[in-house]
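*Asks:* The structure is given below, and queries will be raised subsequently.
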Amino acid sequence: MQRLKTRAQFQAVMAGTTVSRTAHFALHRIALPAPPVDEQAGARPLFPVTDCWIGAVLPKRWARRAVTRNAIRRQIYAVCGEHAAALPQAVHVVRLRSGFDRKQFISATSVQLKQAVRGELEQLVRRAAS
42 MQRLKTRAQF
52 QAVMAGTTVS
62 RTAHFALHRI
72 ALPAPPVDEQ
82 AGARPLFPVT
92 DCWIGAVLPK
102 RWARRAVTRN
112 AIRRQIYAVC
122 GEHAAALPQA
132 VHVVRLRSGF
142 DRKQFISATS
152 VQLKQAVRGE
162 LEQLVRRAAS
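Encoded structure:
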């Protein structure tokens with residue numbers, strides 16, 4: 042499993058299709074080999090390795106505190122790593138599309154928040170894998 046690193050990689054995937062959605066997350070995908078080339082890097086391919094690529098987009102609008110964004114990001118990479126064999130060899134971006142209620146999940150790293158995030162992410166990945 043490879044991770045997305047550059048802005049151009051994220052932009053290429055976000056222009057692709059949304060393959061799965063839950064209440065708080067959306068999964069975007071483009072197939073490999075992807076034709077987009079990073080113009081600034083000297084015509085190198087954006088995704089040089091044919092593998093399952095994963096990226097996470099967590100806007101501050103939906104998760105204000107950095108500790109919350111980092112906890113959710115760790116859950117995204119953990120769940121995608123566990124289910125990488127089931128996912129097709131493509132480029133995927135998991136995007137947080139709405140916030141979790143701060144009244145229900147008071148602590149940014151509470152066990153309840155982690156369980157809710159993990160449950161939704163597993164549902165998101167299962168839908169995308171089928």
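Using our numbering, the first residue of the sequence shown is number 42, and each one after it goes up by one. Note that CB positions come from ideal geometry on N, CA and C, so glycine has one too.
For the putative contact between Ser-61 and Arg-168, defined by C-beta atoms under 8 Å, what is the C-beta separation to the nearest angstrom?
*Replies:* 4 Å
*Asks:* Pick out whichever of Arg-138, Val-120, Val-158 has its Cα sitting closest to the Cα of Leu-99.
*Replies:* Arg-138
*Asks:* According to DSSP, is Phe-66 helix, strand or coil?
*Replies:* strand
*Asks:* Assign Ile-147 to buried or exposed, taking buried as 16 or more other Cβ atoms, counted over all protein chains shown, within 10 Å of its Cβ.
*Replies:* exposed
*Asks:* Looking at the strands, I want to know which residues DSSP matches up with Ala-97.
*Replies:* Val-135
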